[in-house]
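One structure is given here, and the rest of the page talks about it.
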Amino acid sequence: MKVAQNDYFQQLIEMRNDEDARGLGVQLRQEGFTPVRRLLDRLRDYLRQFTDEEGEMALELLHYARTALPEPGQISPSWAHIWQEFERIIRTKMYTFRSIAVEEREGEWQVLLDNPHSNQNIAVYPALTFMEAIYLFAYFRTDMTRNEYIRLQKIATVMTVTGTDTDGL
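According to our numbering, the residues represented by the sequence shown are 234 to 402, in order.
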């Protein structure tokens, strides 16, 4: 049996009005969890990859997705706040694009998360491209607690030593 799959994300990209978005929402709710999950996965992938020039398009896609499914938490409780998370990611990435000049973006980047008032370890995501780093920066920023902080850092100098050097340096 061959099952036809609708590309709802492509429909979202081609969307031009709220009425079409509401129609898409009817289709998605009828088909249930899996198509909605695929749409959200594709939208998250888009959020990882969008560039400076595509920030407004990302906001527009989010608007239509939100119009199509105003309460995705009714399909899965884990999606109750997905639109707020996605909006924060978009706005943080747009802010970061405006804050860091294009000519400063080459090289290695890292993201660091810490809460100096807890005994949890510092989390560091090293050896990232600028695009990877700003997505993680935006993603983790959406769920920070009061005392946590996050840093987006460009690496100027790197020394890497492995544990296999038993004679020392």
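A virtual CB, placed ideally from N, CA and C, is assigned to each residue, including glycine. These figures come from a predicted structure and were not determined experimentally.
C-alpha distance - residue i paired with residue j, whole-angstrom precision
i: glycine 258; j: valine 269; result: 9 Å
i: tyrosine 403; j: glycine 256; result: Residue 403 lies beyond the stretch modelled for the chain, which goes from 234 to 402, so this question has no answer here.
i: arginine 271; j: arginine 321; result: 21 Å
i: glutamate 339; j: tryptophan 312; result: 35 Å
i: glutamine 307; j: alanine 291; result: 24 Å
i: threonine 267; j: asparagine 239; result: 11 Å
i: arginine 249; j: methionine 392; result: 51 Å
i: glutamate 341; j: glutamate 289; result: 27 Å
i: serine 309; j: alanine 360; result: 34 Å
i: alanine 334; j: methionine 377; result: 26 Å
i: isoleucine 421; j: histidine 350; result: Because the chain is modelled from 234 through 402, residue 421 falls outside the range shown and cannot be assessed.
i: threonine 325; j: valine 394; result: 34 Å
i: glutamine 317; j: threonine 375; result: 9 Å
i: isoleucine 355; j: asparagine 348; result: 8 Å
i: aspartate 274; j: phenylalanine 319; result: 11 Å
i: glutamine 263; j: glutamate 337; result: 47 Å
i: glutamate 381; j: tyrosine 358; result: 16 Å
i: aspartate 285; j: glutamate 247; result: 20 Å
i: alanine 254; j: leucine 245; result: 7 Å
i: leucine 294; j: aspartate 278; result: 13 Å
Buried or exposed by the 16-neighbour rule on C-beta atoms within 10 Å, applied to residue i
i: tyrosine 372; result: buried
i: tyrosine 297; result: buried
i: isoleucine 388; result: exposed
Integer Cβ distance of residue i from residue j, believed to fall under 8 Å
i: valine 344; j: phenylalanine 370; result: 5 Å
i: phenylalanine 242; j: leucine 276; result: 7 Å
i: leucine 385; j: threonine 300; result: Going by Cβ atoms, the distance from leucine 385 to threonine 300 rounds to 32 Å, so no, they are not a contact pair.
i: leucine 261; j: leucine 302; result: 6 Å
Only counting runs of 3 or more residues, tell me where the beta strand (DSSP E) segments fall wholly within the stretch 318 to 349, in order along the chain. 342 to 347
Could you tell me which uninterrupted alpha helix (DSSP H) segments, each at least 4 residues in length, are contained entirely in the stretch 281 to 312, listed from first to last along the chain? 288 to 301
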